[in-house]
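Enquirer: To start, I am sharing the structure in question, which I have written as structure tokens.
Protein chains: 2
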Amino acid sequence: MTLHVFDAAVALEPIGDGEFRGRTNPAYANFIGPFGGMTAAQALNAALLHPDRLGDPVAFTVNFAAALADGEFEAQARVARTNRSTQHWIIELKQAGATVATATLLTAARRETWSSHEVAPPAVPRPQEVARTTRRAVEWVKRYDMRFIEGRIPHEWQGQGDEDSLTQLWLRDEPPRPVDFASLCAMSDIFFPRIWLRRATQTPLGTVTMTVYFHADADLLRATGDGWLLGQVRGQGFRNGFFDHFGQLWNESGELLATTHQLMYFKE
Amino acid sequence: MTLHVFDAAVALEPIGDGEFRGRTNPAYANFIGPFGGMTAAQALNAALLHPDRLGDPVAFTVNFAAALADGEFEAQARVARTNRSTQHWIIELKQAGATVATATLLTAARRETWSSHEVAPPAVPRPQEVARTTRRAVEWVKRYDMRFIEGRIPHEWQGQGDEDSLTQLWLRDEPPRPVDFASLCAMSDIFFPRIWLRRATQTPLGTVTMTVYFHADADLLRATGDGWLLGQVRGQGFRNGFFDHFGQLWNESGELLATTHQLMYFKE
Chain V
1 MTLHVFDAAV ALEPIGDGEF RGRTNPAYAN FIGPFGGMTA AQALNAALLH PDRLGDPVAF
61 TVNFAAALAD GEFEAQARVA RTNRSTQHWI IELKQAGATV ATATLLTAAR RETWSSHEVA
121 PPAVPRPQEV ARTTRRAVEW VKRYDMRFIE GRIPHEWQGQ GDEDSLTQLW LRDEPPRPVD
181 FASLCAMSDI FFPRIWLRRA TQTPLGTVTM TVYFHADADL LRATGDGWLL GQVRGQGFRN
241 GFFDHFGQLW NESGELLATT HQLMYFKE
Chain R
269 MTLHVFDAAV ALEPIGDGEF RGRTNPAYAN FIGPFGGMTA AQALNAALLH PDRLGDPVAF
329 TVNFAAALAD GEFEAQARVA RTNRSTQHWI IELKQAGATV ATATLLTAAR RETWSSHEVA
389 PPAVPRPQEV ARTTRRAVEW VKRYDMRFIE GRIPHEWQGQ GDEDSLTQLW LRDEPPRPVD
449 FASLCAMSDI FFPRIWLRRA TQTPLGTVTM TVYFHADADL LRATGDGWLL GQVRGQGFRN
509 GFFDHFGQLW NESGELLATT HQLMYFKE
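Chains as they are written, first to last, in my numbering: chain V, 1 to 268; chain R, 269 to 536.
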């Protein structure tokens, strides 16, 4: 059985005392450095692999402090607090002794309660009815099958943007892979910069922080398997060098797996 | 000149090496322990007061790891990374040596760029046309003037909730106080639990994590002064012990000051 490219990329090697060694993977390369979603998944994985972990991820925030250089990094995961059914983590990724990413994670043992998904998935065609995007300028994009319904990447950079930055798309790993917390974390960063839709202009930019709330527990992820996810995302504010977006990821049955928010910097 | 109650409560005393001592303030007491918005503002303040800080807050995530006991706490702020125009912080609050809150913060020196607020404020009556809420069961609520337009706290806990959890309200400090990053952070936690609207049932609950993206820079906060803020918030997913919401805060001129999201736990 061949290791899936995502599993090969997200893998970390324990080097003792809650520390792990990882490396960037050319299969998830971005314009410069790695796809942030893979870096996020690797940071999350440092806690997932930690022997002291209790429960599954519920809330994860990762801050991209510096561009990762291609190559190795160290991941340090530390338990800040363990409660009866929840645990709080602080995670840092370092290269050459300098911090390149920070993260905090809440894990929890979840129990069945009243549940309701207030944010309903939009009415969209099935994934089989939507064309796969062929715009794959960077390597990591080839690791996903993306089928845009609304809000495609601009075809011309003529500086005439749309009035809103809504994107809806079907997505899954390519080749398909059963979703887990690490891959759901990575897929939460799949949305291209909202400013591209608003301005149709290319300006230097990058994600500085991303938060993922895992509404799905392990049972719901198992039920989702390697099926399609429906992603929706929209920008909120763009001001003086930073803009944010908020998004949702559902499975094909319409169950909410994750909500996510991020802030990007931009240059002009 | 009398010190505003918010300033008295958020104050920290330096005890050396990036550490500060603070205390809970009875004026911001919640049902149990302090108002989380005040704890968040105090955690933020540890970085704001730090001599090594560069730039103003842009993105802040605080994780409530344990209920704070009434009394003193220590706040530790550490620079994880300093770049040319951004800085990344890790903050911890401790009581009796145990971590009660963790936080990460991005500060930045901001420059004027293309700007646009995609999320427009809803059309609502002016604050002077909206009745002030008189429902003030806990102390911290008296520190704010809140004028609900949509989505009030249920009057009867009869277990018949609304179909959605949208709330819109005007708010400001009581007495009025010029908004700053710390008070905007606190006000981001002013929204009552969305599950109260959906279920009209009281269940044990608490915020476990909150993120604030500061779209406002210092100039926009100065222009806002002690004016009214318009807050809007809505839940997304409620599932197996946790639910989230996302919200926005505008000033009375309709400029977006902050976007915020949080995750709460609930019991049943």
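Each residue gets a CB set at the ideal place from its N, CA and C atoms; glycine is no exception.
Check each candidate in 291(R), 355(R), 462(R) and 438(R) and name the one with the smallest Cα separation from residue 373(R).
Expert: 355(R)
Enquirer: Helix, strand or coil: how does DSSP classify residue 211(R) here?
Expert: The requested residue 211(R) does not occur in the structure, where chain R is confined to residues 269 to 536.
Enquirer: Cβ closer than 8 angstroms: which chain V residues qualify as neighbours of residue 508(R)?
Expert: 110, 111, 112, 113, 115 and 217
Enquirer: Examine chain V for any beta-carbon lying closer than 7 angstroms to the beta-carbon of residue 352(R), and answer yes or no.
Expert: Interface with chain V (7 angstroms Cβ-Cβ cutoff): residue 352(R) is excluded.
Enquirer: Answer yes or no: do residue 133(V) and residue 233(V) have a C-beta to C-beta separation smaller than 7 angstroms?
Expert: In this structure, the beta-carbon distance from residue 133(V) to residue 233(V) does not fall below 7 angstroms.
Enquirer: Within 7 angstroms of any Cβ in chain R, is that where the Cβ of residue 88(V) sits?
Expert: yes
Enquirer: Answer yes or no: does any C-beta atom of chain V fall closer than 7 angstroms to that of residue 273(R)?
Expert: Residue-level contact check: residue 273(R) does not touch chain V, since none of the beta carbons of chain V fall below 7 angstroms from its beta carbon.
Enquirer: Under 7 angstroms, CB to CB, which of the residues in the region 52-81 of chain V have a partner in chain R?
Expert: 58, 59, 61, 63, 65, 66, 80 and 81
Enquirer: Quick check: the Cα distance between residue 411(R) and residue 195(V), rounded to an integer number of angstroms?
Expert: 38 angstroms
Enquirer: Classify residue 25(V) as buried or exposed, calling it buried when 16 or more other Cβ atoms lie within 10 Å of its own Cβ.
Expert: buried
Enquirer: Using the beta-carbon count (16 or more within 10 Å), is residue 3(V) buried or exposed?
Expert: exposed
Enquirer: Under 9 angstroms between beta-carbons, which chain R residues line up against residue 236(V)? List them in chain order, please.
Expert: 385, 386, 387, 481, 483, 514, 516, 524 and 527
Enquirer: Buried or exposed, going by whether 16 or more other CB atoms sit within 10 Å of the CB of residue 96(V)?
Expert: exposed
Enquirer: Using only the alpha-carbon positions, how far apart do residue 414(R) and residue 301(R) sit?
Expert: 21 angstroms
Enquirer: Whole angstroms are fine: how far does the CA of residue 42(V) sit from the CA of residue 69(V)?
Expert: 15 angstroms
Enquirer: Please report the straight-line C-alpha distance between residue 349(R) and residue 286(R), rounded to a whole angstrom.
Expert: For residue 349(R) and residue 286(R), the distance between alpha carbons rounds to 15 angstroms.
Enquirer: For residue 248(V), which three-state DSSP category applies?
Expert: strand
Enquirer: Out of curiosity, what's the CA-to-CA distance linking residue 117(V) and residue 284(R)?
Expert: Computed Cα separation, rounded: 47 angstroms.
Enquirer: Could you work out which residue in 162(V), 198(V), 192(V) and 212(V) is closest to residue 185(V) when comparing CA atoms only?
Expert: 212(V)
Enquirer: Under a CB-based cut-off of 7 angstroms, is residue 435(R) close to chain V?
Expert: False, the Cβ-Cβ gap to chain V never drops below 7 angstroms.
Enquirer: Could you tell me which chain V residues have their CB closer than 8 angstroms to the CB of residue 366(R), listed as they occur along the chain?
Expert: The contacting residues are 81.
Enquirer: Starting from the N-terminal side, write out each stretch of the beta strand (DSSP E) that is 3 residues or longer and does not extend beyond the region 383-468 of chain R.
Expert: 412-418 and 435-441
Enquirer: According to a CB-to-CB cut-off of less than 8 angstroms, which residues of the region 410-431 of chain R neighbour chain V?
Expert: none
Enquirer: Quick one: which residues of the region 444-456 of chain R get their C-beta closer than 8 angstroms to a C-beta of chain V? List them in chain order.
Expert: Sequence-ordered contacts of the region 444-456 of chain R with chain V are nonexistent [C-beta pairs closer than 8 angstroms].
Enquirer: Is the distance from the Cβ of residue 326(R) to the Cβ of residue 482(R) below 7 angstroms?
Expert: Yes, Cβ-Cβ distance for residue 326(R) and residue 482(R) is below 7 angstroms.
Enquirer: Give me whichever residues DSSP pairs with residue 264(V) in a beta bridge.
Expert: The beta-bridge partner set that DSSP reports for residue 264(V) consists of 207(V) and 243(V).
Enquirer: Thinking C-beta only, is residue 393(R) closer than 7 angstroms to residue 498(R)?
Expert: no
Enquirer: Residue 444(R) to residue 274(R), Cα distance in whole Å?
Expert: 10 angstroms
Enquirer: When you compare the region 503-512 of chain R with the region 375-385 of chain R, are there three or more beta-carbon pairs, one atom per stretch, that lie closer than 8 angstroms?
Expert: no
Enquirer: By Cβ distance, which residues of its chain are closer than 8 angstroms to residue 426(R), with the 5 residues on each side in sequence left out?
Expert: 468
Enquirer: Using the beta-carbon count (16 or more within 10 Å), is residue 305(R) buried or exposed?
Expert: buried
Enquirer: List the DSSP bridge partners of residue 256(V).
Expert: 250(V)
Enquirer: Taking only beta-carbon atoms, is residue 536(R) less than 7 angstroms away from chain V?
Expert: yes
Enquirer: At least one CB of chain R closer than 7 angstroms to the CB of residue 102(V): is that the case?
Expert: yes
Enquirer: Return the CA-CA distance between residue 83(V) and residue 342(R), expressed in angstroms with no decimal places.
Expert: As the crow flies, the alpha-carbon of residue 83(V) is around 20 angstroms from that of residue 342(R).
Enquirer: DSSP three-state label for residue 299(R), please.
Expert: coil
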